[in-house]
Amino acid sequence: MDTKNLDLGLLVTLEALLAEGNVTRAARRLNLSQPALSARLARLRDALGDPLLIPAQRGMVLTQRAVELRQPLHEALEGVRRVVTEGMPFDPATMEATLVIAGTDYQQYALLTRFSVALRTEAPMVRIAWRSLDVLALATQLERGEVDLALATPDHAPAAMRQRQLYREDYTVIARPGHPAVQGYLSLDVFCALEHVVVSPEGGGFSGPADAALEALGRRRTVALSTSGFLVVPEVVSRSDMIALVPRRIADGWSDRLQVLDPPLTIPGFAIVSVWHDRTTNHPAQRWLRERLTTLAAEG
């Protein structure tokens with residue numbers, strides 16, 4: 001093994017290769033061309049005396065030596081990053097960054113809209129990319145750096161990732177003004193008799209958080225429409241005699257156009273957490289952005 005030819009740039013390249021296990025993805029992560037990264041991989045193989053990545057039935061896999069290097073190398077480079085960044089002046093007004101945030105349409109409406117608007121004044125050189133939350137792919141997206149931060153319920157947050165509670169949410173009922181059966185109050189009988197709109201993020205579901213609570217009381221409701229997102233629900237309710245159970249932050253945005261009512265039974269709320277990879281925990285810009293989001297969530 002000839003390590004005298006290993007510089008910091010090569011070690012950062014090695015970290016990306018070991019994290020991704022794929023030359024193309026590592027090149028994208030480092031903003032390098034694939035030929036340039038392949039050349040660096042050849043230098044790393046020569047210096048370490050190990051192929052590091054070898055062909056497999058599907059793509060490439062890490063050698064045993066590469067697996068052993070992955071975590072210690074990451075920890076060592078994180079230490080270098082902390083040494084470099086600690087004590088350096090940090091000014092949100094001049095920082096340049098791109099932040100990719102994953103969340104549902106509800107989370108985008110409830111929090112990310114205000115966050116993005118606030119950053120235009122406080123950190124105008126930060127670009128924000130919203131993308132839909134894919135619960136099944138989230139852990140991989142965070143590991144690869146495809147997503148920097150996600151908003152999710154705790155049960156959808158990957159166990160290996162860092163998380164922090166942002167706020168708790170409860171449910172409210174919405175109905176159109178002038179609804180013949182809803183005049184500022186909603187009884188349990190009326191709630192069960194009216195047709196409902198429900199949100200099924202995976203699509204096609206006709207039950208929601210109210211149904212378990214109703215079942216415990218020996219009651220049922222009628223679900224007429226299922227949709228995959230929250231933002232269309234108030235529009236549908238405003239044009240029909242259907243009602244809907246929605247998070248309060250959605251209802252608040254429509255309080256001047258819809259009746260907003262307390263449910264006639266106890267329906268448990270839920271928490272929203274921010275989720276990120278340990279790799280970005282001590283990054284100054286990422287840390288400031290997470291703290292700013294947390295502050296906005298508390299204010300909301």
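Residue numbers (UniProt numbering): 1 to 300.
For glycine and all other residues, C-beta sits at the position ideal for the given N, C-alpha and C.
Test item: CB-CB of residue i and residue j under 7 Å
i: Thr63; j: Leu73; result: no
i: Phe90; j: Leu296; result: no
i: Arg248; j: Thr172; result: yes
i: Ala210; j: Leu245; result: yes
i: Val260; j: Val233; result: no
i: Ile250; j: Phe230; result: yes
i: Val275; j: Ala152; result: yes
i: Pro92; j: Ala123; result: yes
i: Gly203; j: Ser187; result: no
i: Leu77; j: Glu15; result: yes
i: His277; j: Leu142; result: yes
Reduced DSSP secondary structure (H/G/I, E/B, other) of residue i
i: His283; result: coil
i: Gln163; result: strand
i: Ile250; result: helix
i: Arg70; result: helix
i: Gln259; result: strand
i: Glu195; result: strand
i: Val23; result: helix
i: Ala123; result: coil
i: residue 321; result: The structure shown does not extend to residue 321, since the chain is modelled only from 1 through 300, so no value can be given for it.
i: Pro209; result: helix
i: Ala137; result: coil
i: Thr222; result: strand
i: Gly300; result: coil
i: Val100; result: strand
i: Tyr171; result: strand
i: Pro35; result: helix
i: Arg43; result: helix
i: Thr94; result: coil
i: Leu62; result: strand
i: Pro154; result: helix
i: Ala110; result: helix
i: Arg131; result: strand
Assigned exposure category for residue i - 16 Cβ within 10 Å defines buried
i: Met125; result: exposed
i: Ile243; result: buried
i: Tyr185; result: exposed
i: Thr104; result: buried
i: Gln34; result: exposed
i: Val84; result: exposed
i: residue 341; result: Since the first residue shown for the chain is 1 and the last is 300, residue 341 is missing from the structure and cannot be characterised.
i: Arg279; result: buried
i: Arg67; result: Correcting the residue identity first, residue 67 is Val in this sequence and not Arg. Exposed.
Distance between beta carbons of residue j and residue i, contact taken as under 8 Å
i: Arg65; j: Asn5; result: Not really, about 17 Å apart at Cβ, beyond 8 Å.
i: Gly79; j: Asn22; result: With 8 Å as the limit, Gly79 and Asn22 do not qualify as a contact, their Cβ atoms being about 26 Å apart.
i: Arg220; j: Cys192; result: 7 Å
i: Leu133; j: Ala102; result: 5 Å
i: Leu258; j: Ala137; result: The pair is not a contact, with the Cβ atoms about 35 Å apart (cut-off 8 Å).
i: Arg164; j: Thr294; result: 7 Å
i: Ala27; j: Leu37; result: 4 Å
i: Gly300; j: Leu111; result: 7 Å
i: Ala213; j: Leu265; result: 5 Å
Contacts around residue i, its chain only, beta-carbon distance under 6 Å, and the 5 residues preceding and following it disregarded
i: Asp148; result: Leu99 and Val100
i: Leu225; result: Val197
i: Thr13; result: Arg40
i: Val223; result: His196, Val198 and Phe206
i: Ile267; result: Tyr171, Pro209, Ala210 and Ala213
Residues near residue i by beta carbon distance below 8 Å, same chain, minus five either side
i: Arg144; result: Ala19, Glu20, Arg25 and Arg29
i: Arg45; result: Pro51 and Leu52
i: Pro180; result: Asp241
i: Arg239; result: Arg176
i: Tyr109; result: Phe230, Leu231, Arg249, Ile250 and Gly253
Residues near residue i by beta carbon distance below 7 Å, same chain, minus five either side
i: Gln107; result: Leu151 and Ile272
i: Ile128; result: Leu99, Ile101, Ser116 and Leu119
i: Met95; result: Ala123, Met125, Val126 and Ala285
Test: residue i CB closer than 7 Å to a CB of chain C
i: Phe206; result: No chain C is part of this structure, which consists of one protein chain only.
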